[in-house]
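If you're matching positions, the sequence shown starts at 1 in UniProt numbering and goes up one per residue. The beta-carbon is built from N, C-alpha and C at its ideal position, and this holds for glycine as well. This report refers to the structure that appears directly beneath it.
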Amino acid sequence: MFCIPKAAVLHGKSVCFAAQKSRFRNAKSKLAFSCRIIFTKLRRFLGLVIDFLGVLDNLEYYR
1 MFCIPKAAVL HGKSVCFAAQ KSRFRNAKSK LAFSCRIIFT KLRRFLGLVI DFLGVLDNLE
61 YYR
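Given below as structure tokens:
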């Protein structure tokens, strides 16, 4: 009726614990990936803002 993987029984761990650990590992990798995307976009955005402020500063200088 219930199917318990042999490896989980041999190591003395429940299937639920193994599944929870797997989900946590997946969440950690997704979090690192998401942070990398967010900070890359933030860095690009700040670079554009700094460039734009430099252009505005040059326009004020030539007036």
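Residue i versus residue j: straight-line alpha-carbon distance, rounded
i, j, result
"residue 118", "Ala32", "This structure cannot speak to residue 118, because the chain is shown only from 1 to 63."
"Phe52", "Phe39", "20 Å"
"Arg36", "Leu56", "30 Å"
"Leu59", "Val49", "15 Å"
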